[in-house]
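Student:
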Amino acid sequence: MKPFYSILYCPIRPIVDERLSIALILRTEDKVYFRFSHDKLKVIKELLPLPAFNLLKSSLTNIENYLLQKDNASSPNQLLIEGESKIAERFLQKEYFQYLSNYSNNLLHFSEPKSIDLKVTDEIFDSLYWKLIFESDLIIDKKELITTKVKTKVNPKIISHVNIDLELNSKHIPGLIVPTSIWFIGKNEVDVTGEVLDFEKQTHYLEIDIREHLYLLSTLRNSSKYKGTHFFVGKEPKKSNQVNHSIWDGLRKLNYFTYVAPNETEQITNYIEEHLVKPFIKDTQEAN
54 MKPFYSILYC
64 PIRPIVDERL
74 SIALILRTED
84 KVYFRFSHDK
94 LKVIKELLPL
104 PAFNLLKSSL
114 TNIENYLLQK
124 DNASSPNQLL
134 IEGESKIAER
144 FLQKEYFQYL
154 SNYSNNLLHF
164 SEPKSIDLKV
174 TDEIFDSLYW
184 KLIFESDLII
194 DKKELITTKV
204 KTKVNPKIIS
214 HVNIDLELNS
224 KHIPGLIVPT
234 SIWFIGKNEV
244 DVTGEVLDFE
254 KQTHYLEIDI
264 REHLYLLSTL
274 RNSSKYKGTH
284 FFVGKEPKKS
294 NQVNHSIWDG
304 LRKLNYFTYV
314 APNETEQITN
324 YIEEHLVKPF
334 IKDTQEAN
């Protein structure tokens, strides 16, 4: 079977056929690659009604979970098509993607599958993804994202004390009109939060991340008579990236946060353990 790929699009203004490429699926004889852009998803969040955005995000995540059996794969972006994956194998035939390109729902459109005359490798998939979806997304298996690296190190040490990777809304924090995600949140005598920021990403998307986080912390502070303790982790970007470096330098000097370098995260775990921090939301079902 000749390798082929299909692009997933999200319609922004269907009346004028305006859309954004959001994900890429590439199928070979024995593997399927899939990746979607988390940075583009942040932009789309500002363009779609919240229920539509949540459905889109859920659809992409479900596709990823269905296709990428990461425990059995050699790369975070690929699934090995083995004998136990007969359903996946039928689903991933070129004819099925042809069908998907003709039939699409309101939130995800599949392009007509296109064959390629190349021996597909991780590098080939990366090149196609950068060209067709988003050239600034970092590749986790090539250059581990700072967010992934920090969370992998810290989460096991704090998971019993805080809520991790939680989307907060007005049910949890009065006045929080726009649901906003956070790395971790807990409380003792004050609210305790943490966020990790990637200062190497494009400035526009970094600014979106920071605005969302500052909005959350501002609302959290307004709902409490205490200031709270707020950590943020971020690796210093290259000085040649003047705008991002200036943002990093400005944030770490604010009294609003306690800045933590990626190699000094014991400061976070020690604080959480010494101050007996407890989850912000006791019942995890309440978080949904």
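Residue numbers in the sequence shown follow this note's numbering, run continuously in steps of one, and reach 341 at the last position. Even for Gly, the Cβ is constructed at its ideal location relative to N, Cα and C.
1) Using 8 Å as the cut-off, can you tell me whether the segment 307-326 makes contact with the segment 277-297, which would need three or more C-beta pairs spanning the two stretches below that distance?
2) Measure how close the beta-carbons of GLY239 and PHE333 come, nearest whole angstrom, since I'm counting them as under 8 Å.
3) Let me make sure I understand the geometry here. Which of GLU71, LYS331 and ASP262 has the alpha-carbon closest to that of HIS214?
4) Checking the sheet assignment: what are the DSSP bridge partners for ALA76?
5) Applying the 10 Å Cβ sphere with the 16-neighbour rule, what's the burial state of GLU248?
6) Evaluate the contact criterion for the segment 255-267 versus the segment 205-220: three or more CB pairs, one atom per stretch, below 8 Å.
7) If you pair each beta-carbon of the segment 75-90 with each one of the segment 177-184, do three or more pairs fall below 8 Å?
8) Could you give the first and the last residue of the continuous beta strand (DSSP E) run that contains GLU248?
9) How many Å lie between ASP244 and LEU113 at the Cα?
10) Let's see if you can read the secondary structure: which residues bound the beta strand (DSSP E) around SER234?
11) Taking DSSP as the reference, what is the three-state secondary structure of LYS291?
12) Between the C-alpha atoms of LEU273 and LYS84, what's the straight-line distance to the nearest angstrom?
Tutor: Checking against the coordinates, here is how it stands:
1) yes
2) 5 Å
3) LYS331
4) LEU61 and PHE89
5) buried
6) no
7) yes
8) 244-250
9) 32 Å
10) 233-240
11) coil
12) 46 Å
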